[in-house]
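A short write-up of the structure that comes next.
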Amino acid sequence: MATESNIDRESSTLLPVADDPLCKEASLTSLDSWITPTDRYYVRNHFSHVPALDLSSWRLEVDGLVDQPISLAFDDVARLPGRELAFTMECAGNSRSYVTPPAEGLAFRHGAVSTASWKGVSLRAVLEMAGVQETATSVVFEGADRGEEEEDGVAFELSYRRSLPLAKALDDDTLLAFEMNGEPITTNHGFPLRLIVPSWYGMASVKWLTRVHLTDQVLDGFFQQRRYVMINEGREDSLEREPVTTVLVKSLIASPRHGEVIQYPSFTIRGFAWSGEGQVARVEVSTDGGRTWADSMLLGEPTPHAWREWELAWQVPSSGHYLLMSRATDSAGNVQPGSIAWNFRGYANNSIHTIAVEAPAGKPIPS
């Protein structure tokens, strides 16, 4: 049970992406377990200010189109029936550095993805306490983080707000989480309460949650309409905007790393695969730049919202340079593509991961 925020334990395995706001990602080689240790879990903040909330005064307000607005203390939330699930969360901007031509936004490489065990209560249980009115169609979530953005040359202050369709909010697996990997959520991950929205990109899982508002209106918010939307015309003022929602099927090679001089004559290639649209059904690996593919072995048992580890025992045929690639397929038939349709902010890049390695010895390939 959470009583106070854990001190954030940030490992040297987290790589800096930005200092203001604080953003860090994992090195792929550090992702060596099914559950990501908290100190290796990526950090994506939106503002300079990181809320340091006092548990004794913190409240969760539930209002709007409800029968009875409620204000819940932490203990009120924590005493509800608990739920726990593993969820692979991926930042919508993960792998943005590899979008061509270059896209706007923070230059995340491949490490803004992590899996944690989240414990909390079903959001549905809290909404039922307040009584959802028949006219409600969506739920707006507001965090305690505030800061400044700029649009059309005008600076303005705002809080982080996102909305979900009511049906997604009422899903039993949509959580109000207060524990991460068996301990209170750390400050940078949203202490004391974080929304967890399985199968959606990480922008939906609002941190430092303070308000839940039910409405029959579409949220006209900065982080709903100006960010986390696909803009495909190459102009930020394009009217064609598709919201970023469900995580696309994707795999990454965690070992070897790009440029590594690998063990010869055999090497085990390993990685992770995940999808918000179904279970991972297959991960193929190519060791010749995509000319031929072989099925990897999927490890462990499938879990509804979490990634699947995979590995392939590779018999390296000879010394030389090799291009390794991984390609995932999910149970809905979605296949990881060779490239994505370009979008202005480089969201949802699930293109095939390709790395170069050398066997058996020689000068490493530059990254």
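In terms of UniProt numbering, the sequence shown has 200 at position 200, counting the first letter as 1, and numbering is strictly consecutive. Just so you know, even glycine gets a beta-carbon here, dropped at the ideal spot from N, CA and C.
Check, Outcome
"For the region 223–279, list the alpha helix (DSSP H) runs that are entirely contained and at least 4 residues long, ordered along the chain.", "none"
"Give the straight-line distance between the Cα atoms of K363 and R44, rounded to the nearest whole angstrom.", "Per-residue confidence for K363 stands at a pLDDT of 48, beneath the threshold of 50, marking its modelled position as unreliable; the derived number appears in the next sentence. One C-alpha to the other measures close to 35 angstroms."
"Checking 8 angstroms against the spacing of the C-beta atoms, do L176 and L214 come in under that value?", "no"
"Is the beta carbon of residue 368 sitting closer than 8 angstroms to the one on I70?", "With the chain represented from 1 up to 367, any question about residue 368 goes unanswered, as that position is not in the structure."
"Rounded to whole angstroms, what's the CA-CA distance from A332 to T246? Just pull it up for me.", "13 angstroms"
"Bridge partners for T115 per DSSP, in chain order?", "T88"
"Please confirm if the region 280–295 is in contact with the region 316–325, defined as three or more CB-CB distances below 8 angstroms between the two stretches.", "yes"
"Just how far apart, CA to CA, sit S351 and S56?", "46 angstroms"
"Is E128 helix, strand or coil by DSSP?", "helix"
"If I'm right that A341 touches L312 with Cβ under 8 angstroms, what's the distance once you round it to whole angstroms?", "Actually they are not in contact, since the Cβ atoms of A341 and L312 sit about 29 angstroms apart, beyond 8 angstroms."
"Give me the DSSP bridge partner(s) of R161.", "E142"
"Where V154 and S251 are concerned, what is the direct C-alpha to C-alpha distance, given to the nearest angstrom?", "40 angstroms"
"Any idea which residues DSSP pairs K24 with across the strands?", "P16 and V43"
"Could you tell me the alpha carbon to alpha carbon distance between R79 and N181, rounded to whole angstroms?", "19 angstroms"
"Quick one: what does DSSP say Y98 is sitting in, helix, strand or coil?", "helix"
"Measuring only the C-alpha atoms, how far is P165 from V357?", "45 angstroms"
"Considering only DSSP beta bridges, list what G147 is partnered with.", "L158"
"Under 8 angstroms, do P81 and V139 count as touching if we go by C-beta distance?", "no"
"Name the one or two DSSP bridge partners that V77 has.", "The partner list for V77 (beta bridge, DSSP) is empty, contrary to what the question assumes."
"When the Cα atoms are used, what is the spatial distance from E150 to F222?", "10 angstroms"
"Count Cβ pairs between the region 129–136 and the region 87–98 that sit closer than 8 angstroms; are there 3 or more?", "no"
"Once DSSP output is grouped into helix, strand and coil, what is the label at T354?", "strand"
"Taking the alpha-carbon positions, what's the S163 to P265 distance?", "52 angstroms"
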